[in-house]
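A short write-up of the structure that comes next.
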Amino acid sequence: MPTRSRNVSSVALRLPQRAEVWLFDCGESTQHQFLKSEFKSSQIRRIFVTHMHGDHIFGLPGLLASCGMAGTGQQQIDIYGPPELAPYLEACRRYSKTQSSYPIEVHVTEPGKVYEDDDYIVTCQLLKHRIPAHGYRVTEKDRTGHFDVKRAAALGIPPGPLYGNLKRGEVVTLADGRKINGSDLCGPTIWGRKFVYCTDTVFCENAIALAEGADVLVHEATFAHQDAGLAYQRMHSTSTMAAQVALSAQVKQLIMTHFSPRYAPGNAIQPSDLLNEARSIFPNTIMAKDFLTYDIVRSSEAKETKVKAAV
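Read in UniProt numbering, the sequence shown has 181 at position 181, and its numbers run on one by one without any break.
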């Protein structure tokens, strides 16, 4: 539940090259958090909901209503989640007499591929919670390396459609019969980044499979290790479970979130204790806090190509 210093679940993934925001869960007051952040709710294009517990969905009706009042320029929002999500949103709309000036489409998620376009693939896996809950993985597709225009010109390749084929790494035949392999004119492959969001769940193999090789794993850590009994009873993770998933999946960065309010400064167990527990297993761990941003950047790329995740 929310506290004075921390709101409930919602993570925004910003795709700067598209000026789009993809939202993962939408707890109560998410739209207020947008107003206090550098993110714009008008850029929300897709919302991925893990499950139907209130701390993950109570913010949706208000956020969608406000987006609808912002004007007709709002793009369609595609929402992905459990079968109950569509009737829940329809009931909120009907009983509150809310009118929407832009289209909303709700998609039912099942394990496997959820969405794909030219740049990204979104998949999900069933986690282990008291009710059906899915974790999500966003995989950026690999791209051909930088195309050497000067070298192509030196080979006598005329500018035009052939350049597009060569940039895709294809083999083209020139008018004089020469065959040119596009991959010879391109730099090293630009590997796609991987972002994974797992909550709510107790430790499970599906979370490990979903997070394999991820650049960033956002994973719940509701309980401290000494409260593992509560974690299994309520089907949530401890800090050490989150770290074990990160270690087993060989991720680059673990960001823990979804902490119980029982762990607060001044209490017997404090948030720093959960962080120390996790780092004893997976050192590259940080704790999420409201308005934390983390840049997922390719080490070989310029700064403007980064994807930003905000927790």
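Just so it is clear, CB atoms sit at the ideal spot from N, CA and C, and this is done for glycine as well.
What you are looking at is a predicted structure, and each value in this text was computed from that prediction instead of being measured.
Inset, instruction - Please report how far the alpha carbon of C124 lies from the alpha carbon of D78, in whole angstroms. - result: 16 Å
Inset, instruction - Flag this pair as touching only if the stretch 143-157 and the stretch 194-211 have three or more C-beta atom pairs under 8 Å; answer yes or no. - result: no
Legend entry - Local Cβ density within 10 Å of D142, reported as buried at 16 or more and exposed below that: exposed
Legend entry - Cross-strand partners of I47 (DSSP beta bridge): L23, I79
Legend entry - Segments of 3+ residues assigned as beta strand (DSSP E) that fall wholly inside the stretch 219-305: 253-257, 285-287, 293-296
Legend entry - Reduced DSSP category for Y95 - H, G, I as helix; E, B as strand; rest coil: helix
Legend entry - Any 3 or more C-beta pairs closer than 8 Å across the stretch 174-189 and the stretch 103-115: no
Legend entry - Terminal residues of the alpha helix (DSSP H) in which Y163 lies: 161-167
Legend entry - Start and end residues, alpha helix (DSSP H) containing V149: 149-154
Legend entry - C204 to T144 span [Cα, whole Å]: 35 Å
Inset, instruction - Reducing DSSP to helix, strand and coil, say where A12 ends up. - result: strand
Inset, instruction - Rounded to whole angstroms, what's the CA-CA distance from V49 to I121? Just pull it up for me. - result: 16 Å
Inset, instruction - Could you name the residues of the same chain whose beta carbon sits closer than 7 Å to that of E277, not counting the 5 residues immediately before and after it, in chain order? - result: A224, H225, S239, T240
Inset, instruction - Determine, using beta carbons only, whether L217 and L254 come nearer to each other than 8 Å. - result: yes
Inset, instruction - Compute the Euclidean distance between the alpha carbons of E90 and G62, then round it to the nearest angstrom. - result: 13 Å
Legend entry - Close Cβ partners of I286 (< 6 Å) along its chain, the five nearest in sequence each way excluded: I255
Legend entry - Beta-bridge partners of V202, as assigned by DSSP: Answer is none; V202 lacks a bridge partner.
Inset, instruction - Have a look at Y88, V114, Q270, E84 and flag the residue whose alpha-carbon is nearest the alpha-carbon of I131. - result: E84
Legend entry - Residues that DSSP places opposite Q125 in a beta bridge: G135
Inset, instruction - Please list, in chain order, all residues of the same chain as T3 whose beta carbon is under 6 Å from its beta carbon, the five residues on each side excluded. - result: P261
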